[in-house]
Amino acid sequence: MYLTDYVFDGLVPMAFGQGNTVLQYALRGSDLYSAKIGDSATIEAEVKASRLLHEGQHCPSVMPVFDSVKIDENRVAMISPFYPIPVSHTTTVNNATIVNVALCGLATVKAFSNKKMCHGDLKPSNMMFQAGNRIVVSVDFGSCVAYGNTLAATSPAFGMDCETEASLCYDLTCLAASIMFLSGVQLTDIERMLVPYWHCGLGCTFPLLHFVSMKVLSKWMRYGQSANCWSKLAFQMPTGFLTWMGCGRRRRNETKFQGKHKEDPNPLKMAKH
0 MYLTDYVFDG LVPMAFGQGN TVLQYALRGS DLYSAKIGDS ATIEAEVKAS RLLHEGQHCP
60 SVMPVFDSVK IDENRVAMIS PFYPIPVSHT TTVNNATIVN VALCGLATVK AFSNKKMCHG
120 DLKPSNMMFQ AGNRIVVSVD FGSCVAYGNT LAATSPAFGM DCETEASLCY DLTCLAASIM
180 FLSGVQLTDI ERMLVPYWHC GLGCTFPLLH FVSMKVLSKW MRYGQSANCW SKLAFQMPTG
240 FLTWMGCGRR RRNETKFQGK HKEDPNPLKM AKH
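Residue numbers (numbering that gives the first Met the number 0): 0 to 272.
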């Protein structure tokens, strides 16, 4: 074992989607952190992704990495802030929760897009509450790659079984599906709603984002004026759902739906009608 300044003390409960890694408590003096422990290649890739995202831009909705320490010959620990509970395990999902997930999720996607990178696995279990549930922080960069590359690991349920090429559209689709899921819509019902759009070759991104942008706006209106800084983004970010998305992705196994597919129309033009 290598000597470190940290004491690793037990597994963090409710830690999902970690693959071949484990999440433990890390103590240094009186400070509590989380330590994601895994093989050197996996952890160093996540450390590099996080530091690149924070380089030259302020993104409080993306988990920072404080340190990486070698534990033994094969394992490295990534030290980051300790977040007590994921969005997927919140006891109450109300208007405030959904609005904060939407705004912080969009801020995360924007931070990734500024670096031409794709998170690749945005979902409620990879979003953590911070600052009294007012800020939602995205974690787990194991799927993070540059746009145009194949995603190494995905959650097909939230990606709506889109093509697994890293893209802005993929992150937005995962975020939109997550918001709908938190709003009480089952993922199987979302797929059923999108069948007509896959059938005409439009792909899933446009109808998902259009629906969610309207839903988030209505919830923000009922939620009321928020005192935190994210409220300033409430009327700007939903527009980003439509302006950032580009063309929708076709369903990877769309042959299960019968019918002739036309070429993908421009969803931005269709939005005007």
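Glycine is no exception: its CB is placed at the ideal position from the N, C-alpha and C atoms. Being a predicted model, the structure only gives us computed values, none of them experimental.
For secondary structure counted as the beta strand (DSSP E) over 3 or more consecutive residues, the stretch 153 to 185 holds no complete run. When the alpha-carbon of G183 is set against those of V11, S142, N94 and T20, the nearest one is in N94. Judged by their CB atoms, V135 and V92 are not nearer to each other than the 8 angstroms cut-off. DSSP places V11 in the coil class of the three-state scheme, outside both helix and strand.
Considering only H57, V108, Q23 and L150, the residue with the shortest C-alpha distance to G37 is Q23. For the pair L174 and V108, the CB atoms are nearer than the 8 angstroms cut-off.
If you keep only unbroken alpha helix (DSSP H) runs of at least 4 residues inside the stretch 15 to 60, you get 39 to 53.
Cβ contact annotation for L51 (same chain, cutoff 7 angstroms, sequence separation greater than five): K114, in chain order. Taking a contact to require three or more Cβ pairs closer than 8 angstroms, the stretch 146 to 153 and the stretch 117 to 132 qualify as touching.
Here F180 is buried: its Cβ has 16 or more other Cβ atoms, across all protein chains shown, within 10 Å. At a Cβ-Cβ threshold of 8 angstroms, V61 and A110 count as neighbours. Annotation: A165 to T172 spans about 12 angstroms, alpha carbon to alpha carbon. Under the DSSP assignment, V86 falls outside any beta strand (DSSP E); it carries neither an H nor an E label.
V6 is classed as exposed because its beta carbon has fewer than 16 other beta carbons within 10 Å across all chains shown. Secondary structure at F128: strand, using DSSP grouped into helix, strand and coil. Under the three-state reduction of DSSP, I70 is assigned to coil, being neither helix nor strand. By the Cβ neighbour-count rule, G104 is buried, with 16 or more other Cβ atoms within 10 Å of its own.
Around the C-beta of D170, 16 or more other C-beta atoms lie within 10 Å, and the residue is accordingly described as buried. Here S29 is exposed. Its C-beta has fewer than 16 other C-beta atoms within 10 Å. Our two residues, M77 and T187, have alpha carbons roughly 35 angstroms apart in a direct line.
DSSP places V144 within a strand segment (E or B) once states are collapsed to three. Distances from the CA of T96 to each of K47, I178 and I189 were compared; the closest alpha carbon is that of I178.
Short of 8 angstroms from the beta carbon of F65, and not among the five residues preceding or following it, lie these beta carbons of its own chain, in chain order: Y32, I78, S79 and P80. Around V21, the same chain offers L10, A14, K35, I36 and G37 as residues with beta carbons nearer than 8 angstroms, after the five sequence neighbours per side are excluded. Residue state for A151 is assigned as coil, using DSSP reduced to three classes.
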